[in-house]
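Q: Supplied in structure tokens, the structure appears directly below.
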Amino acid sequence: MKKTWIRTVFLLLLALLLVPTAYADTEAADASDEPAEYYRAIDAADLLTESQLQSLNELLDSISERYGTNVCVMTIDSLEGYTAEEVADYYLEELYNNEGILLLVSMGERKWHMSTGGDGIRLFTDYGLECLEDKFIDALSAGYYYDAFTDFGRGAEEYLRFEAQNDHAFDVWDAPKDPYNPILCIVISLVVGLIGAAIYTGKLKSELKPVRFQPGAGAYVRDGSFQLTASNDMFLYRNVTRTVRESSSSGRGGSSTHTSSGGHSHGGRGGSF
Amino acid sequence: MADVLEYKCPCCGGAIAFDSTAQKLKCPYCDTEFDIGTVQSYNDSVGQDQADDMQWDMSAGNEWQPGETEGMRVYVCRSCGGEIVAEETTAAMLCPFCGNPVVMTENVSGMLKPDYVIPFKLDKKAAKQAFMNYTQGKKLLPRLFHDETHIDKLQGVYVPFWLFDADVAADIRYRGTQVRHWSDSKYNYTETSYYALERSGNIAFDRVPVDGSRKMADDLMESIEPYDFSAAVPFQTAYMAGYVADKYDVTAEQSIDRANERIKNSTERTFAGTTSGYAAVQTEHSNIRLFNGRTRYALYPVWLLNTTWNDGKYVFAMNGQTGKFVGDLPMDKSAYRKYFLTSFLIVAAIAMGVTYLVWRFLM
Numbered sequence: 016m017k018k019t020w021i022r023t024v025f026l027l028l029l030a031l032l033l034v035p036t037a038y039a040d041t042e043a044a045d046a047s048d049e050p051a052e053y054y055r056a057i058d059a060a061d062l063l064t065e066s067q068l069q070s071l072n073e074l075l076d077s078i079s080e081r082y083g084t085n086v087c088v089m090t091i092d093s094l095e096g097y098t099a100e101e102v103a104d105y106y107l108e109e110l111y112n113n114e115g116i117l118l119l120v121s122m123g124e125r126k127w128h129m130s131t132g133g134d135g136i137r138l139f140t141d142y143g144l145e146c147l148e149d150k151f152i153d154a155l156s157a158g159y160y161y162d163a164f165t166d167f168g169r170g171a172e173e174y175l176r177f178e179a180q181n182d183h184a185f186d187v188w189d190a191p192k193d194p195y196n197p198i199l200c201i202v203i204s205l206v207v208g209l210i211g212a213a214i215y216t217g218k219l220k221s222e223l224k225p226v227r228f229q230p231g232a233g234a235y236v237r238d239g240s241f242q243l244t245a246s247n248d249m250f251l252y253r254n255v256t257r258t259v260r261e262s263s264s265s266g267r268g269g270s271s272t273h274t275s276s277g278g279h280s281h282g283g284r285g286g287s288f
Numbered sequence: 003m004a005d006v007l008e009y010k011c012p013c014c015g016g017a018i019a020f021d022s023t024a025q026k027l028k029c030p031y032c033d034t035e036f037d038i039g040t041v042q043s044y045n046d047s048v049g050q051d052q053a054d055d056m057q058w059d060m061s062a063g064n065e066w067q068p069g070e071t072e073g074m075r076v077y078v079c080r081s082c083g084g085e086i087v088a089e090e091t092t093a094a095m096l097c098p099f100c101g102n103p104v105v106m107t108e109n110v111s112g113m114l115k116p117d118y119v120i121p122f123k124l125d126k127k128a129a130k131q132a133f134m135n136y137t138q139g140k141k142l143l144p145r146l147f148h149d150e151t152h153i154d155k156l157q158g159v160y161v162p163f164w165l166f167d168a169d170v171a172a173d174i175r176y177r178g179t180q181v182r183h184w185s186d187s188k189y190n191y192t193e194t195s196y197y198a199l200e201r202s203g204n205i206a207f208d209r210v211p212v213d214g215s216r217k218m219a220d221d222l223m224e225s226i227e228p229y230d231f232s233a234a235v236p237f238q239t240a241y242m243a244g245y246v247a248d249k250y251d252v253t254a255e256q257s258i259d260r261a262n263e264r265i266k267n268s269t270e271r272t273f274a275g276t277t278s279g280y281a282a283v284q285t286e287h288s289n290i291r292l293f294n295g296r297t298r299y300a301l302y303p304v305w306l307l308n309t310t311w312n313d314g315k316y317v318f319a320m321n322g323q324t325g326k327f328v329g330d331l332p333m334d335k336s337a338y339r340k341y342f343l344t345s346f347l348i349v350a351a352i353a354m355g356v357t358y359l360v361w362r363f364l365m
């Protein structure tokens, strides 16, 4: 049912916007096994001028071709009740052979989502996506859509270049080091010092006050008298609580994935703007 | 037709009503879901909860034989009211509790004859030595305490104890919790599972002692436990030579509560030791029943040491059989500040080095 609806939107979009690109069969051939047939910037929500759209397409194409993947942007008016993740995953699969990264922006709900698929999952780690978000989210929120999308494209290029140079995708451990913060270190050390001193002197103090009541009568249990005659462990109930995970930078790196309704694996990150 | 029954929620104790055709049920107060079978078994178990049955046969102590107490006298301290029993020939005695002179008042009467006595094994010299050793190596003890403290009184005292023996049968229900953590891409999950752990069994206690003297601090007496009862002998006045006995002023009946408390605690702990695989185990209900509960009256040897230092009185006790020595000591506040500051500086300096190295090499 969901599929049917998405397909309708998809066909509408195709009819309105999608024109096979001139160089689709040639230069984009190395992007993936099958050539991309559609523009890498699709502005269904009409946020960009003609010339902006054209130059954005040129930018995304040149990046995509240089690094052999797809870096794409799509704007739509509404998610029509689906999640941004579902829609972004769907278009990445249907339009771009599920290869690369797609930034989907829906104006109706003011939601955005980056979906990664294929080798894109490896190229853009959770931490990479988090850093990529920082590059465009302010401009997107402020309504500078062209700037936001070019920042997204250049940011994606930065991490693709990093991967090409370092043989591994940009991840937590590649983050620039925080400058040494002497105040924080001193504060931590003082707190640790106070705790350590309290434990040590607490131990010395307790040597002076050994007089206390016995908790039980364990010393007077008759040897061998303890016998268990019945033992039964009965499950009663369980509670599950959940807390939102902290951002992936505090995690262990890598890319977390989910499976789309189309059965493909995707990485991604999304939010509101 | 479905039977409508009312049960108690295992989570919050609220009443859950349900009809027997339902498969699951939910507590209307805390929203916890249960299997019907679980709630039924749990309620069956709770329904059988009973109060403790801790009856004792109070037959401690004997009547004195005619003439047995002839050489014994009761002495009373005019200062603190302490009453002690000693041989008539004992001259110029000082109260072991406060160090003031005591006066002979009457013949031994109105008190029971002890069933047992553990004779003193360690003498006065050993007690003095134990005190010396005890004040060594304690960093916060005022330096001068060791040199200046004045031993006002060092007296071997037979302290009256009520001994409680019993076979125990117990049904105990614990609440056990297991905790499991996992995560998906968006959330961290914590699952807490609750179990009713039922344990039934038997255990026996021999000669749980309760101090029968009000003058002796109960916590001080419990601190020098345990005694080895295998060295106990039937009481004879001959063992009193050179020592005094404190006259009991807490009856066996008045000591029952403390004995019950200790027996109950130890039973619950021992049974809890048979639960495993739980993050936490708490006693929910315990039913303790005593069989063959009987009491006896014994005198245990204690070296009692009173000292004065800086106008403060300090009382120490040594187990006259095992030599275990305890007593609270004064603290040197300036030494405390010195040690606190020194350890603070050392730990803080190490922590600072570690935080720098962690930042430098690991971040």
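So the sequences go chain by chain: X and E.
Plus 15 on top of the position in the first sequence (first one is 1) and you've got this note's numbering.
Plus 2 on top of the position in the second sequence (first one is 1) and you've got this note's numbering.
Backbone N, C-alpha and C fix where the C-beta goes; we use that ideal spot for every residue, glycine too.
Rounded to the nearest angstrom, what separates E/I18 and X/V255 at their Cα positions?
A: Straight-line Cα distance between these residues: approximately 21 Å.
Q: What residue range is occupied by the uninterrupted beta strand (DSSP E) comprising E/R177?
A: It spans 152-185 - the beta strand (DSSP E) in which E/R177 sits, taken as one unbroken run.
Q: Note down, in chain order, every chain X residue with its Cβ under 7 Å from the Cβ of E/R145.
A: Neighbours of E/R145 on chain X: none; closest Cβ ~14 Å, over 7 Å.
Q: Smallest Cα separation from X/D238: which of E/R209, E/R298, E/Q323?
A: Of E/R209, E/R298, E/Q323, the residue nearest in Cα terms is E/R209.
Q: Take E/N321 and list the residues in its own chain whose beta-carbon comes closer than 6 Å to its own, dropping the five residues that flank it on each side.
A: Answer for E/N321: I226, listed in chain order.
Q: Tell me which same chain residues have a C-beta within less than 7 Å of the C-beta of X/G285, skipping the five on either side of it?
A: The answer, listed in chain order, is A99, E100, K126, W127, H128, M129.
Q: Contact check, E/R296 vs E/D167 under 8 Å by CB: the rounded distance?
A: At roughly 5 Å, the Cβ-Cβ gap stays under 8 Å, so E/R296 and E/D167 are in contact.
Q: Taking DSSP's pairing of strands, which residues face E/F36 in a bridge?
A: DSSP output for E/F36 lists E/L27 as bridge partner(s).
Q: Does the Cβ of X/S121 have 16 or more other Cβ atoms within 10 Å, making it buried, or fewer, making it exposed?
A: When all chains shown are included, X/S121 counts as buried.
Q: Relative to the C-alpha of X/Y160, which candidate in X/Y54, X/L68, X/R55, X/Y235 has its C-alpha closest?
A: If we check each option's Cα against that of X/Y160, X/L68 comes out closest.
Q: On the DSSP letters alone, give me the boundaries of the alpha helix (DSSP H) that E/A261 sits inside.
A: Its alpha helix (DSSP H) spans residues 254-274.
Q: Whole angstroms is fine: what's the gap from X/P50's alpha carbon to E/D186's?
A: Summary for X/P50: the model assigns pLDDT 48, below 50, so the residue's position carries little reliability; its value from the coordinates is reported in the next sentence. Their backbone Cα atoms lie some 34 Å apart in a straight line.
Q: Note down, in chain order, every chain E residue with its Cβ under 9 Å from the Cβ of X/K224.
A: Correct list: D330, L331, M333.
Q: So what does DSSP say about E/H148, is it helix, strand or coil?
A: Of the three classes helix, strand and coil, the one that applies to E/H148 here is helix, per DSSP.
Q: How big is the Cα-Cα spacing for X/D48 and X/L110?
A: For X/D48, the predicted model reports a pLDDT of 47, less than 50, meaning its position is unreliable; a value from the coordinates is still stated below. About 13 Å.
Q: Taking just the CA atoms, how far does E/A350 sit from X/A184?
A: Cα-Cα distance, rounded: 39 Å.
Q: Does any CB atom of chain E fall closer than 8 Å to the CB of X/F250?
A: Interface residue, yes.
Q: Where does E/K115 sit, in a helix, a strand or coil, going by DSSP?
A: The answer is strand: DSSP assigns E/K115 an E or B state.
Q: Between which residues of its own chain and X/D134 is the CB-CB distance below 7 Å, once the five residues before and five after are set aside?
A: These residues qualify, in order along the chain: T84, E114.
Q: Taking the alpha carbon of E/A233 as the point to measure from, which residue in E/Q157, E/V356, E/T324, E/K188 has its own alpha carbon closest?
A: Closest by alpha carbon: E/T324.
Q: For E/G84, tell me which candidate among E/E90, E/L96, E/G73, E/M74 has the shortest Cα-Cα distance.
A: Among E/E90, E/L96, E/G73, E/M74, the Cα nearest to that of E/G84 belongs to E/L96.
Q: Would the segment 164-179 of chain X and the segment 137-153 of chain X be scored as touching if the rule is three or more Cβ pairs under 8 Å?
A: Verdict: yes, contact present.
Q: Residues of chain E with CB under 9 Å from X/A103, in chain order?
A: Per Cβ cutoff of 9 Å: no residues; X/A103 is ~15 Å from chain E at best.
Q: What residue does the alpha helix (DSSP H) around E/A351 start on, and which one ends it?
A: E/A351 -> alpha helix (DSSP H) spans 335-359.
Q: Does X/P191 get closer than 8 Å to chain E when you measure Cβ to Cβ?
A: Not one chain E Cβ lies under 8 Å of X/P191.
Q: Check whether the Cβ of X/K126 lies closer than 8 Å to any Cβ atom in chain E.
A: Answer no: the Cβ-Cβ gap between X/K126 and chain E never drops below 8 Å.
Q: Would you decide whether X/R324 is buried or exposed? Buried here means 16 or more other CB atoms lie within 10 Å of its CB.
A: Any property of residue 324 of chain X remains undetermined from this structure, which presents chain X solely from 16 to 288.
Q: Measure the Cβ-Cβ separation of X/G158 and X/D186 and say whether it is below 8 Å.
A: No, the Cβ-Cβ distance between X/G158 and X/D186 is not below 8 Å.
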